[in-house]
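Numbering-wise, the numbering used here puts 61 at position 27 of the sequence shown, and it's gapless, one number per residue. In this text, a Cβ means the ideal position worked out from N, Cα and C, and glycines have one as well. All values derive from a computational prediction rather than experimental measurement. Some notes on the structure that comes next.
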Amino acid sequence: MNKQIILSCHDLSKEYQEANNSLAVLQNINLTIAAGQSIGIVGASGSGKSTLLHLLAGLDTPTSGDLIFQEKNINQLSPDQRTELRGMHMGFIYQQHHLLGDFSALENVMMPLLLQGAQKTRTIKDLATKALMQVGLGYKLRNRPAEMSGGEKQRVAVARAIVGMPKIIFADEPTGNLDAKNADTVFNLLLDLQKQMNIALVIVTHNQQLAERLQKVFVLEDGVFKK
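Dropping the structure here:
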């Protein structure tokens, strides 16, 4: 039986206007992502990897093409509807952890659900505690970012991404700021959680060795997928 298609894009293109010229960053990208599938997007700096990730997540709008999330055309949604869809179904991890320094690990992980306002604070606290335990940081609930190592902070960011039980996680260079040992730990954690929770995982990375551990790898070159 074929796995459910979570996200697909069809002839997705992105251009930016510079003075009187247009700069084509992405051209006619086609991609299908199934439930529980892990995908890597690799390429040189400036090849359009991060732009593509932002388009797939509905954080930016394409110049042309369609982006379908579970039969909904994201491009036809209002900004508020796109924000709601991301909050309910998507998780995000970046090269920088983007944790709030004045808040504990637990409070940082609670934040996405608190902003949605759909659940009681007690329930959110329980979900955030569980997420931190899943990434091996149940003993760091009260610690603030300044009291944690780089690897621990990125694991808190992973917990924040999974706390809402998303259908898909987008990770933009999630190990880019880590040493080899911590990079391997975080990458293994992402793959384990992806399998346990049946989450689709899309990772942009410069690390070809890590990318090869994903189920599919696409090479982006000059705005198109290299054959």
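Contact set for residue i: own chain, Cβ-Cβ below 6 Å, skip 5 residues either direction
i       : result
Gln-188 : His-131 and Val-220
Asn-177 : Ala-139
Leu-109 : Per the sequence shown, the amino acid found at residue 109 is Asn instead of Leu. Cβ within range, chain order: Leu-101.
Gln-228 : Ser-72 and Leu-235
Nonlocal neighbours in the same chain, by C-beta distance under 7 Å from residue i, ignoring five residues either side
i       : result
Gly-77  : Lys-83, Val-253, Leu-254 and Glu-255
Ala-180 : Gly-135
Ala-195 : Gly-125, Phe-126, Ile-127 and Ile-203
Contacting residues, own chain, Cβ-Cβ under 8 Å from residue i (five flanking each side not counted)
i       : result
Asn-232 : Ala-69 and Gly-70
Ser-81  : Leu-254, Glu-255, Asp-256 and Gly-257
Leu-171 : Ala-139, Glu-186, Arg-189, Val-190 and Ala-193
Lys-159 : Leu-140 and Met-144
His-88  : Asp-94
Asn-216 : Ser-183, Gly-184, Gly-185, Gln-188 and Thr-209
Lys-250 : Gln-71, Ser-72, Ile-73 and Gly-74
Met-35  : Low per-residue confidence applies at Met-35: pLDDT is 40, beneath 50, and the placement is therefore not dependable enough to give any value.
Arg-116 : Gly-92 and Ile-108
Rounded distance between the beta-carbons of residue j and residue i, thought under 8 Å
i       : j       : result
Ile-202 : Gly-74  : Their Cβ separation, rounded to whole angstroms, is 14 Å, which puts Ile-202 and Gly-74 out of contact at 8 Å.
Leu-161 : Leu-149 : The pair is not a contact, with the Cβ atoms about 14 Å apart (cut-off 8 Å).
Ser-72  : Leu-225 : 7 Å
Asn-211 : Gly-184 : 7 Å
Residue i: first and last residue of the uninterrupted alpha helix (DSSP H) it sits in
i       : result
Asp-226 : 214-231
Gly-26  : Limits of the chain in this structure are 35 at one end and 261 at the other, which puts residue 26 out of reach.
Met-199 : Note, Met-199: premise wrong, no alpha helix (DSSP H); not H, not E.
Leu-244 : 242-245
Lys-260 : Note, Lys-260: premise wrong, no alpha helix (DSSP H); not H, not E.
Lys-174 : Unbroken run through Lys-174: none, as it is neither H nor E.
Gln-153 : Note, Gln-153: premise wrong, no alpha helix (DSSP H); not H, not E.
Residue i - containing beta strand (DSSP E), residue span
i      : result
Ser-47 : 39-52
Ser-56 : 55-68
Leu-93 : Run containing Leu-93: none; DSSP gives neither H nor E here.
Ile-75 : 72-76
Beta-ladder partner(s) of residue i, from DSSP
i       : result
Asp-136 : Paired residues: none, contrary to the question.
Ala-205 : Ile-127 and Ile-237
Ile-102 : Ser-42 and Asn-107
The segment 119-137 contacting the segment 52-60, beta-carbon criterion three pairs below 8 Å: Fewer than three pairs of CB atoms, one per stretch, sit closer than 8 Å, so the segment 119-137 makes no contact with the segment 52-60.
The segment 40-54 / the segment 87-102 touching (three or more Cβ pairs under 8 Å): The segment 40-54 and the segment 87-102 touch, with no fewer than 3 CB-CB distances between them shorter than 8 Å.
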